[in-house]
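Chemist: Residues -15 to 139 in this note's numbering are what the sequence shown lists, from first letter to last.
Note that beta-carbon positions come from the ideal geometry of N, C-alpha and C, so glycine has one too.
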Amino acid sequence: MNTKEGVKGLQLANITKEFEKEARELILDGFKERFGFIDCSLNPDLKNIIGTYSKPGCLFLVGLIENIVVCTGAFTLEAEDTGRIVRMSVNREYRRLGIARKMINELESQAKHLGYKKLVLETNHEWTSAVQFYKKNGYSEERKELSCIHFLKLL
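What follows is the structure in structure tokens.
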């Protein structure tokens, strides 16, 4: 399959039991790639993705191509009118094809539908590709900390 066909075939869907393990592995593989190791104790939500993200105000999506999880994205309830974007991850082989943009656009649309007025997120300073991605998609730096940057977008 060429890459254009793959992106055209992308389907975004709510997480199901069928894809929970694959989604978890994709996220953890991304951590290993970025950090060189995985500390599962820092990610308790990944032990029960469906349970964690089926709470009111939360959503976890998977991006599927030919029934294979190629990306993930989620949000949680941060405050009454604010959601927090989390678990944005794209399989290494499918990066730079617009898949993350499609995911974040869908998350923003779903957040608006739930009545959120803004979305926040954070990412590490060193993850320059992620920092550039969020800026390119309308997120502005809210503040910087020692190891991470906090972003905000009004919906």
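If you count every other CB in all the chains shown that lies within 10 Å of the CB of G35, and 16 or more means buried, which is it?
Modeler: Exposed, since its Cβ has fewer than 16 Cβ neighbours within 10 Å.
Chemist: Could you check which residue in E2, D29, L(-4) and I(-1) has the C-alpha nearest to that of L12?
Modeler: Checking every option, the nearest Cα to that of L12 belongs to D29.
Chemist: Helix, strand or coil for I34, going by three-state DSSP, please let me know.
Modeler: I34: helix per DSSP, three-state reduction.
Chemist: Between the C-alpha atoms of L98 and V70, what's the straight-line distance to the nearest angstrom?
Modeler: Between L98 and V70, the C-alpha separation is close to 17 angstroms.
Chemist: Using alpha carbons as the reference points, say which of K(-8), K137, C55 and Q(-5) lies closest to R68.
Modeler: R68 has its Cα closest to that of K137, out of K(-8), K137, C55 and Q(-5).
Chemist: Under the rule that 16 or more other beta-carbon atoms within 10 Å means buried, what is K101, buried or exposed?
Modeler: Exposed is the call here.
Chemist: Out of curiosity, what's the CA-to-CA distance linking E77 and V53?
Modeler: So the two alpha carbons sit approximately 12 angstroms from each other.
Chemist: Among S113, E106 and L61, which residue has its Cα nearest to the Cα of S131?
Modeler: Checking every option, the nearest Cα to that of S131 belongs to E106.
Chemist: Where does C101 sit, in a helix, a strand or coil, going by DSSP?
Modeler: Position check: residue 101 holds Lys in this sequence, whereas Cys was assumed. Looking at K101 - three-state DSSP - the assignment turns out to be coil, as it is neither helix nor strand.
Chemist: Could you spell out the range, first to last residue, of the alpha helix (DSSP H) harbouring E4?
Modeler: K1 to F19 is the span of the alpha helix (DSSP H), which, as asked, contains E4.
Chemist: By the three-class DSSP mapping on this structure, what secondary structure does T128 have?
Modeler: Correcting the residue type first, residue 128 is Lys in the shown sequence and not Thr. Of the three classes helix, strand and coil, the one that applies to K128 here is strand, per DSSP.
Chemist: What does a CB cutoff of less than 8 angstroms around E42 pick up in its chain, not counting 5 residues either side in sequence?
Modeler: A small fix is needed here, since residue 42 is Cys in this sequence, not Glu. Answer for C42: T36, A58, F59, T60 and L61, listed in chain order.
Chemist: Work out the CA separation of M87 and A(-3) for me, nearest whole Å.
Modeler: Near 10 angstroms, if we compare the C-alpha coordinates of M87 and A(-3).
Chemist: Taking L139 and L103 to be in contact with their CB atoms under 8 angstroms, please state how far apart those CB atoms are, rounded to whole angstroms.
Modeler: Indeed they touch by this definition, with Cβ atoms about 7 angstroms apart.
Chemist: Using only alpha-carbon positions, find the residue among F117, V115, C55 and G82 that is nearest to E9.
Modeler: For E9, the nearest C-alpha among the options comes from C55.
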